[in-house]
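Worksheet: one structure, shown below.
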Amino acid sequence: MITTPSPQRRAVGRRSIVRVGPLVAVPVRRSSMAAALVALLLLCAAAVATLTMGRLGIHLPDLPSALAGEATGKNAFVLNRLRGPRLTVAVATGAAFGLSGALFQSVTRNPLGSPDVIGLGAGAGAGAAAVALLLPDALPVSVGALLGALVAMGIVYSATGTGFRNPGRLVVAGIGVAAMATALTQYVVFAVERDKASALTAYINGSLAARSWDDATTIWIVLAVCLPAAALLARPLSIGEMGDDLAAGLGAPPGRTKTFAVLLSILLSAGAVAVAGPIAFISLTAPQVAKRVTRSGGPHLVMSTLLGALLLVLADLAAQQLPLFDDLPVGIYTMAVGGAYLGHLLVKEWRRQAA
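Number 343 in the working numbering belongs to position 345 of the sequence shown; there are no gaps in the numbering.
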């Protein structure tokens, strides 16, 4: 939740209005605020576990002094080089994916929608693969991933004929772009040398290994830019849930709102992909879990952001600590969990229709 040091609140039934200056007024349920607080506490607990668990973990009594800048020796190495940057990137990347998915699902009004559906992740993988094959020493793989994501979105934008205004065309065009991008990625993985192919495969599955403070700075700058913009879109998106005609009558033009929301979703996903690769299913799963936890009618932006961060930190904690799957890219864990959750959603929908 975005607040100022002294936000103005007024009760509206079971809701409160959180004001941030004169421009932003976000209605929130008190139950949602409690759920967000629980998610934040769980995120803090997962962060502490990431820093303290395992053979190289910082002993829990030493953690406060280490975080205060007094770490030395092994603790300094773990905090500043090994796990600190990785944890910081995981929190921001998960938050970016979660918020991106919530924005996209709000626009498309489709619980199975996410930026992955319109080919952003596949385009990022293809861009990373193309750089690894054609320009192995000229550009970093992360830059190739970012360029691939932007090119894929440019093709989708042109192919729809209406830009990002029509969610149905957006999804159809995105599926086609994703198929072509995946084919290019598979060709490159087959063509490059075995050692390079192994490293590339880890990246295009999504990995948080060997992240740096530069990566953390990049994704946190993206979040700092996008979070205020998402707060400004919260009210128009909420009105848009009631239908385009009513939204237009209430002063929230649906076409412009959808375009801005999709662009913001793409920017968040592109920033996350640039630092961690196309980690799958966070942007799909986090908004759906948030919706069920808060019992809201549409995607909940604040809760989706927190749950995206929590899901990715937990997945990365498993990637680091489970002995049977040592050094497995974190994206494989999110694919397994997200795939199971997607199957649950499909079965639940099938039962609902059959009842």
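Backbone N, C-alpha and C fix where the C-beta goes; we use that ideal spot for every residue, glycine too.
Who are the near neighbours of residue i in its chain, counting only those whose CB is closer than 7 Å to its CB and skipping five residues on each side?
i           : result
residue 235 : 104, 255 and 259
residue 305 : 37, 96, 284, 287 and 288
residue 354 : No answer is possible for residue 354: it lies beyond the span of the chain, which begins at -1 and ends at 353.
residue 199 : 187
Going along the chain, which residues of its own chain have a beta-carbon closer than 6 Å to the beta-carbon of residue i, five neighbours each way excluded?
i           : result
residue 155 : 161
residue 4   : A caution first: residue 4 carries a pLDDT of 40, below 50, which makes its placement in the model unreliable, though a value can still be read off. None.
residue 180 : 120
residue 343 : none
residue 334 : none
residue 307 : 41, 89, 92 and 93
residue 251 : none
residue 203 : 327, 329 and 330
residue 116 : 154, 168 and 172
Does the beta-carbon distance from residue i to residue j come in below 8 Å?
i           : j           : result
residue 118 : residue 151 : yes
residue 221 : residue 90  : yes
residue 313 : residue 332 : yes
residue 58  : residue 311 : no
residue 131 : residue 175 : no
residue 273 : residue 122 : no
residue 356 : residue 177 : There is no way to answer for residue 356, as the model of the chain reaches only from -1 to 353.
residue 99  : residue 282 : yes
residue 182 : residue 227 : no
residue 45  : residue 56  : no
residue 94  : residue 201 : no
residue 62  : residue 263 : no
residue 137 : residue 268 : no
residue 54  : residue 80  : yes
What's the call for residue i, buried or exposed, on a 16-neighbour Cβ count within 10 Å?
i           : result
residue 279 : buried
residue 135 : exposed
residue 140 : buried
residue 303 : buried
residue 315 : buried
residue 351 : exposed
residue 348 : exposed
residue 142 : buried
residue 48  : buried
residue 217 : buried
residue 39  : exposed
residue 111 : buried
residue 67  : exposed
residue 86  : buried
residue 71  : exposed
residue 336 : buried
residue 321 : exposed
residue 277 : buried
If we cut at 8 Å on Cβ distances, does residue i have a partner in chain D?
i           : result
residue 272 : Annotation note: the requested chain D is absent from the structure, which comprises a single protein chain.
Near residue i, which residues of its chain fall below 8 Å by C-beta distance, leaving aside the five closest residues on each side in sequence?
i           : result
residue 205 : 274, 275, 327, 328 and 329
residue 83  : 209, 210, 211, 213 and 214
residue 319 : 51 and 52
Locate the alpha helix (DSSP H) running through residue i, then write down its first and last residues.
i           : result
residue 189 : 165 to 189
residue 113 : From DSSP, residue 113 is part of no alpha helix (DSSP H); its letter is neither H nor E.
residue 59  : Neither: residue 59 is in no alpha helix (DSSP H) and is coded neither H nor E.
residue 280 : 280 to 292
residue 95  : 82 to 106
residue 148 : 139 to 158
residue 314 : 299 to 319
residue 50  : 28 to 50
residue 134 : Note, residue 134: premise wrong, no alpha helix (DSSP H); not H, not E.
residue 259 : 252 to 274
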